[in-house]
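Read through the structure below, which is laid out as structure tokens, and then see the notes.
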Amino acid sequence: MSNITLINKTSFLQQQEQEQEQEQIHVALSSKDSSYSDNSYRSAQIQPVIDQLSSLSFGSAVAAEGLRTASGRSVDPRRIKLPIAVAPMVDVTTSHFLELCRIISPNFTLYSEMIHCNALIYNPKDLYNFFGEPWEGKVVQLGGSDPEAMAKAAKLVQDNGYKEINLNVGCPSPRVQKGAFGAVLMKTPSIVVDIIKEMGKVGVTIPITVKCRIGVDNLDSYEYLYDFIKLISTTTPVNHFIIHARKCWLKGLSPKQNRSIPPLKYEAVYQLAKDFPHLTITINGGFNTTQQIKEQLELVDGIMIGREVMDRPMFLAKVDAAHHNVPPENIKTTEEVIEEFLEYVLKIHERGTPHSNSVVMAPLKMLYGGRRGKEYRRRLADLILPRTKPLPDIVRDMRQMMKEMDFSASSSDVEPASESGNESETP
5 MSNITLINKT
15 SFLQQQEQEQ
25 EQEQIHVALS
35 SKDSSYSDNS
45 YRSAQIQPVI
55 DQLSSLSFGS
65 AVAAEGLRTA
75 SGRSVDPRRI
85 KLPIAVAPMV
95 DVTTSHFLEL
105 CRIISPNFTL
115 YSEMIHCNAL
125 IYNPKDLYNF
135 FGEPWEGKVV
145 QLGGSDPEAM
155 AKAAKLVQDN
165 GYKEINLNVG
175 CPSPRVQKGA
185 FGAVLMKTPS
195 IVVDIIKEMG
205 KVGVTIPITV
215 KCRIGVDNLD
225 SYEYLYDFIK
235 LISTTTPVNH
245 FIIHARKCWL
255 KGLSPKQNRS
265 IPPLKYEAVY
275 QLAKDFPHLT
285 ITINGGFNTT
295 QQIKEQLELV
305 DGIMIGREVM
315 DRPMFLAKVD
325 AAHHNVPPEN
335 IKTTEEVIEE
345 FLEYVLKIHE
355 RGTPHSNSVV
365 MAPLKMLYGG
375 RRGKEYRRRL
385 ADLILPRTKP
395 LPDIVRDMRQ
405 MMKEMDFSAS
415 SSDVEPASES
425 GNESETP
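Below is the structure:
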């Protein structure tokens, strides 16, 4: 048989496998939802691990430290302060983007983009470049599957003044799958437990939270999700879970498709809040209006917003007005936000930054929409070139540009009527 024939046969078989995977996904997505009424769940995959680790339970002690709300739920007292969060997004929630969000409003929990544990271990002096300066309400998201490496990275994060760590157990990207972390860890919950326990062994005492999906591949029953949460919450000190209300497929769908094709199942997250009243439950997935935020906070402890903030950072100002009752005179205009950010740019220039002009200035791209937004972005792109242009010169030119352009009617501040066409969530 010729090499060409072998190649063609291999390609045909690969195509068949891909078609079979797509058919399996189609069948699974078309199936009826599981019932969420019974709370006596046990999954064959997780129950043996629960039995093995039950003697090491921390759940009751953690629950006893919570506050009681009017609804009877016991929630993490610190998290009540900032129940609305900006989601971690790779290549979006850089240290510079988080600074922009903080300038707009200090009333949100802000999650860094995911950084792999090895990046911190091999570059321990670069934490500030990865995450920016630490402050209350900034959460560092770590990725990895090796307990010892994750523990070393977490200790570095704590020793450098950061206040909280989040474990990525929900990202389905091929790169993450290759490293056997992210959403892959939902299939091996005992490794998640090992990671958290190893962090405790090396002296990590700051809060650790877990961000996950409602399911992965065919492990998508509420029974499995329930036992996943139970295992971690009863064998480690973790008492806060951020749940992306979609399952994900590790094969057959791209990361982008995993943000839209699997249906949102908010009821699974609501049921977790009922079944685990002592835990803090934050919901993520598809939220892009202030009314949705209000409604969700009546059902769960927290809500996480992703791509709506990426596309319209000034949405945070609208949330401030609607949810935090910030009076109009105390809400910064877009122009005031830009000026404060430019002062920040000058500050990091004096300190020194390894980041390119485009990375530093990227957070400003989506501050305007409407008629003039396109012109604004074009001029912003032009003024950061060439790449060797000093940041102070960019700041000078940006200030001049703002004087020349009239943005009085072009701020992107009109809320969408629904989620249609909007992918406002993260892995």
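Per my numbering, residue 5 is the first one in the sequence shown, and the count goes up by one each step. For glycine and all other residues, C-beta sits at the position ideal for the given N, C-alpha and C. All values reported here derive from a predicted model rather than from experimental measurement.
Residue nearest to residue i in terms of C-alpha spacing, selected from the options
i: Glu343; options: Val96, Phe101, Met93, Ile107; result: Ile107
i: Phe291; options: His282, Tyr270, Tyr274; result: Tyr270
i: Met402; options: Tyr380, Thr392, Arg391, Pro390; result: Tyr380
i: Asn164; options: Asp221, Cys175, Gly136; result: Gly136
i: Lys393; options: Met370, Ile212, Ser360; result: Ser360
i: Asn334; options: Lys201, Pro110, Tyr226; result: Pro110
i: Arg376; options: Met405, Phe319, Phe345; result: Met405
i: Ser237; options: Ile297, Lys201, Glu408, Val341; result: Lys201
i: Met203; options: Pro151, Asp231, Pro128, Asn172; result: Pro151
i: Gly148; options: Lys129, Gln261, Ile119, Leu131; result: Ile119
i: Pro193; options: Gly373, Thr113, Ala325, Thr240; result: Thr240
i: Thr113; options: Asp397, Ile309, Gly373; result: Ile309
i: Asp231; options: Gln275, Arg263, Lys205; result: Gln275
i: Glu299; options: Cys252, Pro128, Ala326, Met318; result: Ala326
i: Cys252; options: Val242, Asn243, Arg263; result: Arg263
i: Pro390; options: Pro128, Met409, Gly186, Ser362; result: Ser362
i: Lys378; options: Asp279, Met409, Lys129; result: Met409
For residue i, the three-state DSSP class (helix, strand or coil)
i: Met308; result: strand
i: Val323; result: helix
i: Phe245; result: strand
i: Lys142; result: strand
i: His353; result: helix
i: Ala89; result: strand
i: His100; result: helix
i: Ile233; result: helix
i: Tyr126; result: helix
i: Thr238; result: helix
i: Lys159; result: helix
i: Tyr372; result: strand
i: Ile297; result: helix
i: Ile200; result: helix
i: Cys121; result: helix
i: Tyr166; result: coil
i: Asn288; result: strand
i: Lys215; result: strand
i: Cys252; result: strand
i: Val220; result: strand
i: Val341; result: helix
i: Leu114; result: strand
i: Asn329; result: coil
i: Gly207; result: coil
Beta-carbon spacing of residue i, residue j below 9 Å
i: Tyr126; j: Gln145; result: no
i: Arg217; j: Ile195; result: no
i: Leu254; j: Ile265; result: no
i: Val368; j: Leu104; result: Here residue 368 turns out to be Leu, not Val, going by the sequence shown. Yes, the pair counts as a contact, with Cβ atoms nearer than the cut-off.
i: Glu139; j: Lys159; result: A quick correction: the sequence has Trp, not Glu, at residue 139. Cβ distance not < 9 Å, so Trp139 and Lys159 don't count as in contact.
i: Gly207; j: Gln162; result: yes
i: Leu235; j: Val90; result: no
i: Ala157; j: Asn122; result: yes
i: Ile210; j: Leu283; result: no
i: Leu371; j: Val330; result: no
i: Ala155; j: Lys205; result: yes
Same chain, Cβ closer than 6 Å to residue i, neighbours up to 5 away in sequence not counted
i: Val304; result: Ala277, Ile285, Ile287
i: Lys336; result: none
i: Leu124; result: Ala157, Leu160
i: Asn43; result: For Asn43, the predicted model reports a pLDDT of 42, less than 50, meaning its position is unreliable and no value from the coordinates is stated.
Beta-carbon proximity list for residue i, same chain, < 7 Å, skipping 5 on both sides
i: Gly301; result: Note that residue 301 is Leu in the sequence shown here, rather than Gly. Pro87, Ile307.
i: Lys191; result: Val220, Leu223
i: Val323; result: Ile88, Thr294, Ile297
i: His328; result: Asn111
i: Arg400; result: none
i: Leu268; result: Ala249, Arg250, Gly289, Gly290
i: Leu189; result: Ser149, Val173, Ile195, Val196
i: Val242; result: Ile200, Ile212, Thr213, Val214, Ile236
i: Leu102; result: Leu114, Ser116, Gly136, Lys142
Contacts around residue i, its chain only, beta-carbon distance under 8 Å, and the 5 residues preceding and following it disregarded
i: Val364; result: His100, Val349, Ile352, Thr357, Leu395
i: Asn170; result: Pro92, Tyr115, Val143, Val144, Gln145, Leu146, Ile212, Thr213, Val214, Lys215, Ile246
i: Asp198; result: Pro151
i: Ile398; result: Val349, Asn361, Met365, Leu387, Ile388
i: Ala187; result: Val173, Gly174, Cys175, Pro176, Val180, Gln181, Cys216, Arg217, Val220, Cys252, Leu254, Pro431
Any C-beta of chain C under 9 Å from that of residue i
i: Leu371; result: In the structure shown, chain C cannot be found, because there is only a single protein chain.
> With a cut-off of 8 Å, do at least 3 Cβ pairs link the stretch 84-102 to the stretch 309-316?
Replying inline: Touching, yes, given that three or more Cβ pairs across the two stretches are closer than 8 Å.
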